[in-house]
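If you want this note's numbering, it's the position in the sequence shown, counting the first as 1, plus 1. Below is one structure, written out as structure tokens; comments come after it.
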Amino acid sequence: GEALAVSARVAPLGSRLVLLLVEDLTEARRIEAVRRDFVANVSHELKTPVGALSLLSEAVMDASEDPEAVERFAGRMQIEATRLTSLVQELIDLSRVQNDDPLEDAEPVRVDELVAEAIDRCRHQAGTKQITMAAAGAAELRVWGNRGQLAAALGNLVENAVNYSPARTRVGIAARRVSVPSGDLIEVAVTDQGIGISDKDKERIFERFYRVDPARSRQTGGTGLGLAIVKHVAASHGGEVTVWSSEGQGSTFTLRLPEAGAARDRALQHPDLD
Ligand code: ADP
2 GEALAVSARV
12 APLGSRLVLL
22 LVEDLTEARR
32 IEAVRRDFVA
42 NVSHELKTPV
52 GALSLLSEAV
62 MDASEDPEAV
72 ERFAGRMQIE
82 ATRLTSLVQE
92 LIDLSRVQND
102 DPLEDAEPVR
112 VDELVAEAID
122 RCRHQAGTKQ
132 ITMAAAGAAE
142 LRVWGNRGQL
152 AAALGNLVEN
162 AVNYSPARTR
172 VGIAARRVSV
182 PSGDLIEVAV
192 TDQGIGISDK
202 DKERIFERFY
212 RVDPARSRQT
222 GGTGLGLAIV
232 KHVAASHGGE
242 VTVWSSEGQG
252 STFTLRLPEA
262 GAARDRALQH
272 PDLD
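Right, dumping it as structure tokens:
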């Protein structure tokens, strides 16, 4: 009689345990599947330029009598090699932002410096497309975080704005302070008048290697990793990145980050006072 009573009491607990175990296994399996997909994607992305390089080098050898053809093939080899280099660099950047704790070397970072750096990075590309870049509001604002990671995040957003916009349009970068109950936030919004993103794609563009139009992305040297990096940097800084877009009209990507406040600065200057 007593054994029965005990097992009746234990049974519900047992089934909950089993359920937890099953949930754990499902989550473990999901993570494993994501990892496997990622490795498959990386392999595929690497194979494309490597395959092209190998074909082109054969073509160069076959065309050794024809200097014009050699030059043409060599030019294309250079494009593929550049693509390979930027893919490997973005993979390194992604693995850094995933593995390093950004707050280990966090410091107050001036937003106007981040904005200037991002604009600088795209100046050439914007110039050839006659895209005007305008920044506002960044003076005096400072965010709290890892300078290199923050620069990479904002740089990616501005680079995308330029890449996915037609010639003679405008890219705006607007920064402001926003008060929220948990303290002040800095918001940096990058607005373009580009091709826009459909609602369906909006949900997926932050995934690694997801591209709305792979051919177009490749043409502009895209790797499909930029927004995954931005999302990671925002989240690990306790912030977020959101997108508003209207197809054919343009997009706004908004980065929200913690402000470098007076309390944090004091802690930084006198780390042993707290
Ligand atoms: P990519 O290297 O292809 O630019 P990202 O991760 O930066 O990779 O972006 C993923 C995809 O999201 C892009 O391929 C593009 O289809 C879309 N996208 C990103 N930014 C914009 C934008 N400003 N306007 C329109 N589409 C964009």
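Note that CB positions come from ideal geometry on N, CA and C, so glycine has one too.
Is arginine 84 buried or exposed, if buried means 16 or more other CB atoms sit within 10 Å of its CB?
buried
In chain order, which beta strand (DSSP E) runs of at least 3 residues are fully inside the segment 152 to 194?
171 to 181 and 184 to 193
Would you decide whether aspartate 94 is buried or exposed? Buried here means 16 or more other CB atoms lie within 10 Å of its CB.
buried
Quick one: is proline 103 buried, meaning 16 or more other Cβ sit within 10 Å of its Cβ, or exposed?
buried
Would leucine 228 and isoleucine 206 be called neighbours here (beta carbons separated by less than 8 angstroms)?
yes
Length of the line joining the Cα atoms of leucine 88 and leucine 47
8 angstroms
Which ranges does the beta strand (DSSP E) cover as unbroken runs of at least 3 residues, wholly within the segment 76 to 150, from first to last along the chain?
108 to 111, 133 to 137 and 143 to 146
Nearest-angstrom Cα separation, counted from arginine 171 out to serine 247:
16 angstroms
Identify the residues that DSSP records as bridge partners of threonine 243: which are they?
Thr255
Check whether the Cβ atoms of phenylalanine 74 and alanine 60 sit closer than 8 angstroms, and answer yes or no.
yes
Among residues of its own chain, excluding the 5 on either side of tryptophan 145, which ones have a beta-carbon nearer than 7 angstroms to its beta-carbon?
Ala107, Pro109, Pro259, Glu260, Ala261 and Arg265
Taking 7 angstroms as the cut-off, does the CB of alanine 229 come closer than this to any heavy atom belonging to the ligand ADP?
yes
Own chain partners of alanine 190 with C-beta closer than 6 angstroms, once the 5 adjacent residues on each side are dropped:
Ala175, Thr253 and Thr255
Other residues of its chain near histidine 238: CB distance less than 7 angstroms, five sequence neighbours each side excluded
Pro103, Gly146, Leu258 and Pro259
Quick one: give me the first and last residue of the alpha helix (DSSP H) that serine 237 is part of.
227 to 237
Own chain residues within Cβ distance below 6 angstroms of alanine 137, not counting five before or after
Ala175
Please tell me whether, using a cut-off of 7 angstroms, the distance from the CB of glycine 249 to the nearest non-hydrogen atom of the ligand ADP is below it.
no
Candidates Thr129, Gly149 and Ile80: which alpha carbon is nearest glutamate 105's?
Gly149
Enumerate in chain order the residues of its own chain whose CB-to-CB distance from alanine 152 is below 6 angstroms, with the five nearest sequence positions on each side excluded.
Leu115 and Glu118
According to DSSP, simplified to helix, strand and coil, what is glutamate 204?
coil
Rounded C-alpha distance that separates lysine 281 from aspartate 67
Examination of residue 281 is not possible in this model, given that the chain is present from 2 through 275 alone.
Beta-carbon contacts of aspartate 193 that lie in its chain and below 6 angstroms, excluding the five residues immediately before and after:
Ala162, Ser166, Val172, Gly251 and Ser252
Contacting residues, own chain, Cβ-Cβ under 8 angstroms from proline 50 (five flanking each side not counted):
Glu81, Ala82, Arg84, Leu85 and Leu88
Would alanine 154 pass as a contact of valine 234 if the rule is Cβ separation under 8 angstroms?
yes
Do isoleucine 196 and valine 244 have their C-beta atoms closer together than 8 angstroms?
no
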